[in-house]
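Residue numbers (my numbering), protein chains in the order written: chain A, 216 to 368; chain B, 216 to 368; chain C, 216 to 368.
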Amino acid sequence: MRSHTVYETFNTERRREFVRITGDVQRAVDDSGVSEGLVLVSAMHITAGVWVNDDEPGILEDALEWLDKLAPPSWKEPANDVARELSPDPGDYRHHRGGEDNGDAHFKNLLVHHQVILPITDGRLDLGPWQQVFYAEFDGGRPKRLVIKVLGE
Amino acid sequence: MRSHTVYETFNTERRREFVRITGDVQRAVDDSGVSEGLVLVSAMHITAGVWVNDDEPGILEDALEWLDKLAPPSWKEPANDVARELSPDPGDYRHHRGGEDNGDAHFKNLLVHHQVILPITDGRLDLGPWQQVFYAEFDGGRPKRLVIKVLGE
Amino acid sequence: MRSHTVYETFNTERRREFVRITGDVQRAVDDSGVSEGLVLVSAMHITAGVWVNDDEPGILEDALEWLDKLAPPSWKEPANDVARELSPDPGDYRHHRGGEDNGDAHFKNLLVHHQVILPITDGRLDLGPWQQVFYAEFDGGRPKRLVIKVLGE
């Protein structure tokens, strides 16, 4: 059995950003020498996710609009009445009592999920034709880490 | 270490459909000869999910109603005001500018998640008494693939 | 390759409860003798989840409020109009026709996801500084099981 671990650090310019990392994950697989196995791609933070989706700008923009309604930031006006009612009832996230302002990012992380696991077949990520792997930053502008762990033979 | 990979193709009659696949996954485990390990079950499309839930018709119907409110299709009337406000603000998904009409399926895929990983113990899927594995199709009527990857010993 | 399987039973006092289990998972890793690998932590029920988040009381309380709006219980008044519209249209979950009252817990399980997979590096859970593992009970007050499966070398 072989295993190989790679850490990556992201420091996005914008607060929220989708960064395509399919190539990084394939590179970790290449370096591992694994031809049959699994690779875990997991954010090491609770305000960032990992997402497999289409690399199509429209859907990524749709996603951020939609996530801002379902998990509304309190550092900007709610997008509409639904976002307002999905905001916390005390007026702000209880989590912010300690000085944070990223409560929404915790819930976006919950919706998107913070990890994926990808199959490796014949040394290649065994993905469908439109599946790309994204690091989904919801509270960026500072260095944040991701772990890629390859396991197999 | 043993590994075994199976691809399945689904071509559902209806646009949305839950297909129970617990037996297919167990069969892949049987064919792998693995008695202790993990099996990944992952949709190879970004408009379909894999879900572990109860095989109870009521909950599956509830799920589709609920997912249609949270991630509203734009090819039919929004179910109610909440669905209307959770629809994209430009009137339609930006993703549809290229001629697609399945933006909602991308978000249902995000909510349901496109994969599960199941433990294998003594050669059996180590599931709870009500846990069944479903392929969750949100944009069917055409052939779509799923990968089952068994890893273990 | 080594594998090690541990089952845990939770019988929470309250109907909904977040139970921190990072220590339990590390203990399973210790007992497995695995220094490089993966560990799956998966609820064996369809009304409980496993969540990696911050062990900060505010965010956990925020989470329950928010999940009760998105996946509204029918055994108490909807929190507000959004929760009312996200409730099932027939007035109650179809799932309840068989005498159940936990339809909301199925959907909270879907949102939170019922499992995580954690990397093991040098014999330690390879988590970020604020990542804690929680068992998320949404329909407690009775014994429910969780499986921890370690795989590696």
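Backbone N, C-alpha and C fix where the C-beta goes; we use that ideal spot for every residue, glycine too.
Please determine, among B:Ala243, B:Phe225, B:Asp337, the residue with the shortest C-alpha to C-alpha distance to B:Ser218. B:Ala243
What is the DSSP secondary structure of B:Ala286, reduced to helix, strand or coil? coil
Close-in-space but distant-in-sequence residues of the same chain around B:Val267 (CB under 6 angstroms, 5 per side omitted): Val331, Gln346, Val348
Of all the CB atoms in chain C, is at least one closer than 9 angstroms to the CB of A:Phe322? Chain C, which has a Cβ nearer than 9 angstroms to the Cβ of A:Phe322, makes this yes.
At a cut of 8 angstroms, does the stretch 234-248 of chain B reach the stretch 292-307 of chain B through at least three beta carbon pairs? Contact between the stretch 234-248 of chain B and the stretch 292-307 of chain B is absent, because fewer than three Cβ pairs lie under 8 angstroms.
Can you list, in chain order, the residues of its chain with a C-beta nearer than 6 angstroms to that of C:Leu342? Leave out the 5 residues immediately preceding and following it. none
If we cut at 9 angstroms on Cβ distances, does B:Gly264 have a partner in chain A? No, B:Gly264 lies away from the interface with chain A (no Cβ there is under 9 angstroms from its Cβ).
Report the residue from B:Gly367, B:Arg230, B:Tyr350 whose alpha carbon sits nearest the alpha carbon of B:Lys291. Minimum Cα distance to B:Lys291 is reached at B:Arg230.
Counted within 10 angstroms of its Cβ, other Cβ atoms place B:Asn226 as buried (16 or more) or exposed: Exposed.
Cβ shell of B:Asp337 (< 7 angstroms), same chain only, five flanking positions each side left out: Ser250
Starting from the Cα of B:Glu276, find the closest Cα among C:Arg312, C:Asn295, C:Ser247 and give me that residue. C:Arg312
Whole-angstrom distance between C:Ile261 and B:Ala278, CA atom to CA atom: 13 angstroms
Amino acids of chain B, ordered along the chain, whose beta-carbon sits closer than 9 angstroms to that of C:Arg360: Those within 9 angstroms of C:Arg360 in chain B are Gly343.
Thinking C-beta only, is B:Val365 closer than 9 angstroms to B:Gly252? Against a cut-off of 9 angstroms, the Cβ pair of B:Val365 and B:Gly252 comes out as a contact.
Is the Cβ of B:Glu300 closer than 9 angstroms to any Cβ of chain A? yes
Where the alpha helix (DSSP H) containing A:His321 begins and where it ends: 318-327
Using a Cβ-Cβ cut-off of less than 8 angstroms, give me the residues of the stretch 256-289 of chain B that come near chain C, in sequence order. Trp266, Val267, Asn268, Asp269, Glu271, Pro272, Gly273, Ile274, Glu276, Asp277, Ala278, Glu280, Trp281, Lys284, Leu285
Looking at A:Asp239: is its Cβ nearer than 9 angstroms to the Cβ of A:Ile363? yes
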